[in-house]
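Asks: One point on numbering: in the UniProt record's numbering, the residue at position 60 of the sequence shown is 60, and numbering is uninterrupted.
So that we are looking at the same thing, I have put the structure below in structure tokens.
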Amino acid sequence: MNKGETLLNQLAEGKVLLQKELPEAMTKFQELHDTILKDGKLSVRQKRLIGLGMALVLKCDYCIAIHLKAIKDMGIGFDEVLEVCSMAMLMHGGPGFAYSTLVARLWNEI
């Protein structure tokens, strides 16, 4: 199993565990997630790209993986993902660059 699959599987397993242990909190969190990730003034597409940029700056491997999966599932191309990476590098310097390399590696694994 590659790193992308591992991250997505770990996240899914953790979600199941938290749903069992914190059902009310997880239900509310899922409601928040679903409320935010729908078309509004910004499209879901735009929100996912913003989410990826935020995940890069926050240095969250799991967040990067889940946003990349959603982005690929939506048919968004690698060229647009690289533009998000370039903004992360501009705004976050070296760490933005380092986590952009993770995005580049994960792109073909997810």
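Glycine is no exception: its CB is placed at the ideal position from the N, C-alpha and C atoms.
Bear in mind the structure is a predicted one, so any value in this text is a computation, not a measurement.
Whose CA, out of THR27, GLY14, PHE97, lies closest to the CA of LEU82?
Replies: For the purposes of this step, residue 82 is taken as residue 82 along the sequence shown, with counting starting at 1. Looking at the Cα atoms, PHE97 is the closest of the given residues.
Asks: Return the first residue and the last residue of the alpha helix (DSSP H) that ASN9 is part of.
Replies: By 1-based counting over the sequence shown, the position of residue 9 is 9. Run containing ASN9: 3 to 21, per the alpha helix (DSSP H) assignment.
Asks: By a C-beta neighbour count over all protein chains shown, 10 Å radius and 16 as the cutoff for buried, is ARG48 buried or exposed?
Replies: Position 48 of the sequence shown, counted from the start, is the residue given in the question as residue 48. With 16 or more other Cβ atoms within 10 Å, it is buried.
Asks: Would you please verify whether the beta carbon of VAL16 is less than 8 Å from any beta carbon of chain B?
Replies: Any reference to chain B falls outside this structure, which holds one protein chain only.
Asks: What is the rounded straight-line gap between the Cα of THR35 and the Cα of PHE29?
Replies: Walking along the sequence shown from the start, residue 35 turns up at place 35. Walking along the sequence shown from the start, residue 29 turns up at place 29. Approximately 10 Å, taken between the alpha carbons.
Asks: Quick check for students: name the residue ranges of the beta strand (DSSP E) that lie wholly in the UniProt domain "Carboxymuconolactone decarboxylase-like" (23 to 104), counting only runs of 3 or more.
Replies: none
Asks: Please name the residue, chosen from ALA65, LYS72, LYS59, that lies closest to MET89 on a Cα-to-Cα basis.
Replies: On the sequence shown, residue 89 is found 89 positions in, with the first residue counted as 1. If we check each option's Cα against that of MET89, LYS59 comes out closest.
Asks: In its own chain, which residues sit with a C-beta less than 7 Å from the C-beta of GLN7, not counting the 5 before and 5 after it?
Replies: Taking the sequence shown and counting its residues from 1, one reaches residue 7 at position 7. The sequence given here places Leu at residue 7; Gln does not occur at that position. Closer than 7 Å at the Cβ level, and outside the excluded window around LEU7, lie ASP61, TYR62, ALA65.
Asks: Can the beta-carbon of residue 111 be found less than 8 Å from the beta-carbon of ASN2?
Replies: Look at the range of the chain in this structure, 1 to 110, and you will see that residue 111 is not part of it.
Asks: Rank LEU56, GLU21, LEU17, GLU24 by C-alpha distance to the C-alpha of HIS92 and give the top, closest one.
Replies: As a position in the sequence shown, residue 92 is number 92, starting the count at 1. Measuring from the Cα of HIS92, the nearest candidate turns out to be LEU56.
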